[in-house]
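Report on one structure; see the data block that follows.
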Amino acid sequence: MNRLYLLHLYIVLLILNVFSPISYSLLIDAVSLPSPSGYRFPIYHASELGKPKFHKKIEEWVVELETDVVYVKFPIFKHGIVIANGDIIDEVLKARPEKFRRSSKIEVIFSELNINGAFSSEGDDWRSNRRVITEGVKGIDSKLIEPISQRLVDFISQSIDQDQDEFLLPELFNRYTTEVVSVVVFDFDPMYLQLGTLPDLSEKLLRILPLANKRISSVIPTHKIFSDGLSEIVLEVNGLLRNKIRSLRQLDENNKFLERCIKQEMDESHIIANAFTLFVAAQDTTALTMSWGLKYILEYGCLDNLRLLSGEDFKQQFDRLILESMKKNPVAPIIYLEANEKYTTEAKNDNGQNITIDKGMQLILYTGNCKDKKMKSSKFNKHRNFGGGMRICPGMNIAMDEICIGLKQLITHFNIEVINPGDEEGIFDFLVSPGDLRVKFSKIP
1001 MNRLYLLHLY IVLLILNVFS PISYSLLIDA VSLPSPSGYR FPIYHASELG
1051 KPKFHKKIEE WVVELETDVV YVKFPIFKHG IVIANGDIID EVLKARPEKF
1101 RRSSKIEVIF SELNINGAFS SEGDDWRSNR RVITEGVKGI DSKLIEPISQ
1151 RLVDFISQSI DQDQDEFLLP ELFNRYTTEV VSVVVFDFDP MYLQLGTLPD
1201 LSEKLLRILP LANKRISSVI PTHKIFSDGL SEIVLEVNGL LRNKIRSLRQ
1251 LDENNKFLER CIKQEMDESH IIANAFTLFV AAQDTTALTM SWGLKYILEY
1301 GCLDNLRLLS GEDFKQQFDR LILESMKKNP VAPIIYLEAN EKYTTEAKND
1351 NGQNITIDKG MQLILYTGNC KDKKMKSSKF NKHRNFGGGM RICPGMNIAM
1401 DEICIGLKQL ITHFNIEVIN PGDEEGIFDF LVSPGDLRVK FSKIP
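In this text, residue positions in the sequence shown follow the numbering used here: the first is 1001, and each later residue adds one.
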């Protein structure tokens, strides 16, 4: 009887195989995928979330289980998969926001803070918010960045004169990127920022994503019992943005980002949510990209060659080096999504299987250095021109200009020596930082 049943089942699957674009003989449900062992009730694999080496733990799972799609289990009957397969990641991102969305926990957390902008919103709101930010930073004149980069040079020079020639690189670059987004995008007065406000604002912005990451990865929402300081920081930054937005409206000044928001008929809270998103994203991610980029430029001996180039030749070679550093150590390698409906991938994992993802299943997309033999992503190649992937950051062009202008000023005016290389693997706290990366500057005679 069992044999007859199996024969009938085989014939049905064979017929389905002929008429379906998906090979059912190679189809696997996500819950049947290999899963890392040793994780017990009640936390299961959620015990790794929020740890500073979570991104490296994903790489360990992929190597250990010999597959690039891994099943993981979370508390309260939640399930998920870790995807480190570029083809499947591309397919999932293209299917957003209809088939997939950001983890609903992210939207809940940012909604609680009244900053549900492009970073955390979904559906039509996500499209609208992303369009506003994209248009708001499009066409910004890079010449506006040059005076700010000169102030960075002046700040370092004055510090050297006071025998303070060593700097924690992420902290230094956060100061620079905070001023760029404040002045270039939101028209803050640079003199106002220089009078003690900039370091304080930079430090507070730097704490936002790590604190948000703790809320996202926490099994128990302890922030609802004990203050973690995030709400207070958000209120202060929002107050700064609200005052600026109101003053611009009253003076009828021309501000590209604000104009885009008004054209979308956004209310003030919606404008602030998108402004906040842009403020945080433009500051932190750019500063970390600058830090990794300069680290590799110095470590791989690219500095002397860059100094020989000028104009467009410099820009092209510099962009290659920065994109290569982003590939070797992406600052945002993990994306949290969930499925809006049951979905079977057309792309296959490295075992040749299509993956069936259940509605509500959590997805952890990992774009770091796993098993991508073709790209050799763990290697740094200073001659390779690496692309940005299928979905480019809305502010990528202005960020690349900001990085290029800032670092060109530094390598033109200073000799730079790595004192502490930081953490080569990176420290994950929503974004990946090089940690205690310290350099020494000396003036070029």
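We treat Cβ as the ideally placed atom computed from N, Cα and C, and that holds for glycine.
Legend entry - Sufficient close CB pairs (3 or more, under 8 Å) joining the stretch 1395-1404 to the stretch 1117-1131: no
Inset, instruction - Please go through the stretch 1116-1169 and give each complete beta strand (DSSP E) segment of 3 or more residues, from N-terminal end onward. - result: 1166-1168
Legend entry - Counted within 10 angstroms of its Cβ, other Cβ atoms place GLY1301 as buried (16 or more) or exposed: exposed
Inset, instruction - Could you check the C-alpha separation between GLU1425 and SER1325 for me, to the nearest Å? - result: Approximately 13 Å between the Cα atoms of the pair.
Legend entry - Reduced DSSP secondary structure (H/G/I, E/B, other) of LEU1288: helix
Inset, instruction - Confirm, please, whether the CB-CB distance from ILE1160 to PHE1441 is below 8 Å. - result: yes
Legend entry - For ILE1357 and LYS1342, the rounded distance between their alpha carbons: 6 Å
Inset, instruction - Excluding the 5 residues preceding and the 5 following ARG1438 in the sequence, name in chain order all residues of the same chain whose CB lies nearer than 8 Å to its CB. - result: GLU1166, PHE1167, LEU1168, LEU1169, VAL1418, ILE1419, ASN1420 and GLY1422.
Inset, instruction - Give a yes or no on whether the C-beta atoms belonging to GLU1064 and ASN1340 are separated by under 8 Å. - result: no
Inset, instruction - Indicate whether TYR1336 and VAL1082 have their beta-carbon atoms separated by less than 8 Å. - result: no
Legend entry - Proximity test, Cβ basis, 8 Å: GLU1324 and chain B: Absent from the structure is chain B; it holds one protein chain and no more.
Legend entry - Any beta strand (DSSP E) of 3 or more consecutive residues that is wholly inside the stretch 1029-1082: 1069-1074
Legend entry - Own chain partners of ILE1245 with C-beta closer than 8 Å, once the 5 adjacent residues on each side are dropped: LEU1258, GLU1268, ILE1271, ILE1272 and ALA1275
Inset, instruction - Measure the C-alpha to C-alpha separation of TYR1039 and ILE1225 and round it to an integer number of angstroms. - result: Pairing TYR1039 with ILE1225, the inter-Cα distance amounts to about 27 Å.
Inset, instruction - Would you please state the rounded distance, in angstroms, between the beta carbons of LEU1240 and ALA1212? I believe it to be under 8 Å. - result: Not confirmed; about 18 Å, so no contact.
Legend entry - Helix, strand or coil at ASP1090 [DSSP, three-state]: helix
Inset, instruction - In the DSSP assignment, find the alpha helix (DSSP H) that holds VAL1108 and state where it starts and stops. - result: 1104-1112
Inset, instruction - Under 7 Å Cβ to Cβ from THR1411, same chain only, skipping five residues before and after it: list those, please. - result: First, the residue type needs correcting, since residue 1411 is Ile and not Thr in the sequence shown. Taken in chain order, the residues that qualify are LEU1303, LEU1306 and ARG1307.
Inset, instruction - Check whether the Cβ atoms of ASN1174 and LEU1206 sit closer than 8 Å, and answer yes or no. - result: yes
Inset, instruction - Taking the CB atoms as reference points, tell me whether LEU1323 and LEU1407 lie closer together than 8 Å. - result: no
Legend entry - the stretch 1067-1075 in contact with the stretch 1029-1036 per 3-pair CB rule at 8 Å: yes
Legend entry - Runs of beta strand (DSSP E) lying entirely within the stretch 1392-1424, each at least 3 residues, in chain order: 1414-1421
Legend entry - Buried or exposed by the 16-neighbour rule on C-beta atoms within 10 Å, applied to ASN981: Because the chain in this structure spans residues 1001 to 1445, residue 981 falls outside the shown range and cannot be described.
Inset, instruction - Would you please state the rounded distance, in angstroms, between the beta carbons of GLU1338 and ARG1101? I believe it to be under 8 Å. - result: With a Cβ gap of about 6 Å, GLU1338 and ARG1101 count as contacting.
Legend entry - Straight-line gap, GLY1086 to ASN1349 (C-alpha atoms, nearest Å): 9 Å
Legend entry - Neighbourhood of ILE1115 by C-beta distance below 8 Å, restricted to the same chain and skipping five residues each side: Short of 8 Å from the beta carbon of ILE1115, and not among the five residues preceding or following it, lie these beta carbons of its own chain, in chain order: VAL1234, ASN1238, ILE1272, ALA1273, PHE1276 and THR1277.
Inset, instruction - Could you spell out where the beta strand (DSSP E) holding ASP1429 opens and where it closes? - result: 1427-1429
Inset, instruction - To the nearest angstrom, report how far apart ALA1468 and ILE1220 are at their CA atoms. - result: The question about residue 1468 has no answer, for the chain in this structure spans 1001 to 1445.
Inset, instruction - Give me the Cα-Cα distance between ASP1228 and LEU1209, rounded to the nearest whole angstrom. - result: 12 Å
Inset, instruction - Look at GLY1435 and HIS1055 and say whether their C-beta atoms are less than 8 Å apart. - result: no
Legend entry - Buried versus exposed call for SER1182 [16 or more other C-beta atoms within 10 Å across all chains shown]: buried
Inset, instruction - Look at the alpha carbon of ASN1354 and the alpha carbon of TYR1296, and state the distance between them as a whole number of angstroms. - result: 38 Å
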